Structures are given as structure tokens and as C-alpha cells.
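To start, the structure itself, in C-alpha cells.
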Amino acid sequence: MTRIVLVTGGTSGIGRAIAARFAADQAEVFITGRNPDTVDVAAKELGVHGVVCDATVTGQVAELAARLDEVDVLVNAAGGLSRPTGDGMTLDEVLALWHANLAQNLLTAVLTTASVKDRLTGGSSVVSIGSIGAERGGGSYGAAKAALGAWNASLSAELAPRNVTCNVISAGYIAGTNFFNGQLSDERHRELVEETHNKRPGTVDDIAQTAYFLASPGARHITGQTVHVNGGAFTTR
Ligand SMILES: NC(=O)c1ccc[n+]([C@@H]2O[C@H](COP(=O)([O-])OP(=O)(O)OC[C@H]3O[C@@H](n4cnc5c(N)ncnc54)[C@H](OP(=O)(O)O)[C@@H]3O)[C@@H](O)[C@H]2O)c1
12 MTRIVLVTGG
22 TSGIGRAIAA
32 RFAADQAEVF
42 ITGRNPDTVD
52 VAAKELGVHG
62 VVCDATVTGQ
72 VAELAARLDE
82 VDVLVNAAGG
92 LSRPTGDGMT
102 LDEVLALWHA
112 NLAQNLLTAV
122 LTTASVKDRL
132 TGGSSVVSIG
142 SIGAERGGGS
152 YGAAKAALGA
162 WNASLSAELA
172 PRNVTCNVIS
182 AGYIAGTNFF
192 NGQLSDERHR
202 ELVEETHNKR
212 PGTVDDIAQT
222 AYFLASPGAR
232 HITGQTVHVN
242 GGAFTTR
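With positions in the sequence shown counted from 1, the corresponding number in our numbering is that position plus 11.
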């Protein structure tokens with residue numbers, strides 16, 4: 012049976028690789044992003060449906076959901092890093108920074124999931140992309156990703172009786188995405204690689220294969236979890 016797969020933030024980086032992985036499995040894949048040109052190009056290149064949708068805007072999320080009769084796999088990959096503007100930020104700047112990171116990294120997943128919750132089929136999966144930043148004191152970004160894990164635990168308890176699994180993939184440093192917006196120095200890259208046990212950056216495919224597994228029949232008893240994919244840069248014991 013052809014699975015219906017929705018990947019938010021599927022135009023670039025991790026989300027795009029996840030969309031490609033499911034498309035290679037003959038799934039019917041929908042990708043989203045905020046930029047119409049990027050959505051169009053990525054959808055054509057991947058051979059999937061592209062939908063322009065800012066996952067922080069309720070009206071756009073509702074319109075996206077209305078296009079889908081059912082969903083077998085939801086991947087909440089939309090996210091990104093808003094950085095502090097510098098020392099001595101005003102309270103309004105602090106508030107804006109926190110709102111931005113919470114909206115982009117937590118509310119994107121919360122709103123999209125709420126919009127398609129009734130369309131999730133028995134045996135379906137929700138996978139949300141978290142970050143090692145949640146373990147590392149990553150400021151408002153890390154706090155948003157930590158909250159994603161807490162929200163996921165309650166979502167899992169709510170949906171497991173319907174045979175829906177819900178998990179977070181907490182990604183370590185992943186090279187080859189637009190996440191750092193070209194601002195990652197060579198020195199910082201070396202530091203992040205040095206933290207790993209296997210001395211390499213993660214790839215988008217590392218995350219795509221994990222997402223594919225979490226949505227596979229072999230993973231039906233895995234739910235409510237945060238799965239760390241980081242080459243050993245953070246270990247849970
Ligand atoms: N790269 C890393 O090292 C790393 C590590 C840990 C976790 N992560 C997480 O992995 C996820 C994917 O990031 P990435 O590294 O693949 O970065 P990326 O290449 O910048 O991809 C981000 C994707 O999300 C979309 N997006 C952002 N905000 C959105 C919104 N409000 N509504 C809809 N789409 C939105 C972007 O498209 P538009 O900008 O056109 O909307 C793009 O498709 C994020 O949640 C990020 O926090 C990344």
C-alpha cells in the first residue's frame with residue numbers, strides 16, 4: 012500500500028533527505044517550506060508534491076491539512092536557529108529571540124501535528140527533529156528542542172492507543188544543510204567533529220535512515236522516545 016508522507020521543512024537539508032528516502036520507497040510524499048521558489052524546485056527535483064506553508068501560521072497549516080485525507084508518516088523537520096543580536100539585548104529583543112526559536116522549533120511541530128492528528132492512520136508514525144542543543148544549554152534554541160521532547164512524550168501517550176508512534180530524533184552536528192547559514196567557522200566545525208567518537212560530522216542521510224526506521228514495522232514498540240544520532244558526541248549514560 013502506498014504510504015502518504017508529510018515532511019515539513021522538506022526543501023533543504025535533513026527534511027529534504029528524509030523526503031528523498033521515503034520517495035525512494037514509492038511513498039506519496041508532500042514537502043513544505045516557506046519559500047515558493049524553493050518548494051517548487053525541490054518538489055520537481057524529488058518528484059514529490061510541494062506545498063508552500065509556514066508551519067508557524069495557523070491558517071497556512073490548516074490549508075495544508077485540508078489537502079490530506081490521511082497521513083501515514085508525519086516528519087516535523089522544519090526548524091532553524093535564531094541567534095542573539097549581541098550583548099546587552101533589550102527585553103524586547105530577548106522576547107523576540109525566544110518567540111522566534113520557540114515558534115520555529117517547537118510550535119511548527121505542535122501546530123502541524125495538531126492539524127493532521129485526526130488523519131493519522133493506525134500504524135502511522137510521527138517523527139520530529141530535535142537537537143543535541145537540548146542537552147548542551149543551547150539557549151532559547153536548545154530550550155525549544157528540549158520542550159519538543161517533553162511535548163513528544165505526552166503526544167505519544169495520547170496517540171499510542173490508536174497505534175501511532177511518536178518519537179524525536181535528536182540530531183548532533185549535521186553537515187551539508189543550510190542550518191548554519193554559512194556562518195560555521197572551520198574551527199567550530201573541527202570542534203564539533205572532535206566531540207564525536209567516530210570523528211566525523213553527521214550526514215543528512217544518517218538522520219533520514221533513522222527516520223525511515225522509526226516509521227518501519229520493526230519500530231512499532233518504540234514510542235515516546237528521544238533517539239540520539241550524534242556519533243557519540245552526547246551519550247545518555
Ligand atoms: N544541521 C544541523 O547540524 C542540525 C542539528 C540538530 C538539529 N537540526 C534540526 O534539523 C532540522 C532541519 O534543519 P537543517 O539542518 O536541515 O536546516 P535547513 O537546511 O536550513 O532546513 C530547514 C528547512 O526547514 C524549513 N523551514 C524553516 N522554518 C520553517 C517554517 N516556519 N515553516 C516551514 N518550513 C520551515 C526551511 O525552508 P524555508 O526556510 O524555505 O521555510 C528548510 O526546508 C531543524 O529542525 C533543525 O533545528 C539541525
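A virtual CB, placed ideally from N, CA and C, is assigned to each residue, including glycine. Fair warning: this is a prediction, and the values are worked out from it, not measured in the lab.
So what does DSSP say about Glu-206, is it helix, strand or coil? Locating residue 206 in the sequence shown gives position 195, where the first residue counts as 1. Reduced to three states, the DSSP call for Glu-206 is coil.
Would the beta-carbon of Asn-178 fall within 9 Å of that of Thr-237? On the sequence shown, position 167 is the one that residue 178 refers to. On the sequence shown, position 226 is the one that residue 237 refers to. For Asn-178 and Thr-237, yes; Cβs fall inside 9 Å.
Per DSSP, which residues does Leu-159 bridge with? Please list them. By one-based count along the sequence shown, residue 159 stands at place 148. DSSP lists no partner for Leu-159.
Per DSSP, what are the beta-bridge partners of Glu-39 in this structure? As a position in the sequence shown, residue 39 is number 28, starting the count at 1. Residue pairing of Glu-39 in beta bridges, as defined by DSSP: Ile-15.
Select from Ala-219, Arg-27, Gly-149 and Asp-83 the residue whose C-alpha is nearest the C-alpha of Val-175. Residue mapping note: residue 175 aligns to position 164 of the sequence shown, counting from 1. The shortest C-alpha separation from Val-175 is found at Asp-83.
Is any non-hydrogen atom of ligand 1 found closer than 8 Å to the C-beta of Lys-128, if you look at the structure I gave you? The residue given as residue 128 occupies position 117 in the sequence shown. Checking every heavy atom of ligand 1 against the Cβ of Lys-128, none is found closer than 8 Å.
Ser-167 and Gly-235: beta carbons closer than 9 Å? Taking the first residue of the sequence shown as 1, we reach residue 167 at position 156. Taking the first residue of the sequence shown as 1, we reach residue 235 at position 224. Against a cut-off of 9 Å, the Cβ pair of Gly-235 and Ser-167 comes out as a contact.
Assuming Ile-42 contacts Gly-61 under a Cβ cut-off of 8 Å, what Cβ separation, rounded to an integer in Å, is found between them? For the purposes of this step, residue 42 is taken as residue 31 along the sequence shown, with counting starting at 1. For the purposes of this step, residue 61 is taken as residue 50 along the sequence shown, with counting starting at 1. So it is a contact: roughly 6 Å between Cβ atoms.
Are the CB atoms of Ala-111 and Gly-26 within a distance shorter than 9 Å? Residue 26 sits at position 15 when you count from the first residue of the sequence shown. Residue 111 sits at position 100 when you count from the first residue of the sequence shown. Contact flag unset, no.
From which residue to which residue does the beta strand (DSSP E) around Ala-182 run? The residue given as residue 182 occupies position 171 in the sequence shown. Where Ala-182 is concerned, the enclosing beta strand (DSSP E) stretches over 176 to 182.
Gln-194, buried or exposed, once every other Cβ within 10 Å from all chains shown has been counted against 16: Position 183 of the sequence shown, counted from the start, is the residue given in the question as residue 194. The residue in question, Gln-194, is exposed, as its Cβ has fewer than 16 Cβ neighbours within 10 Å.
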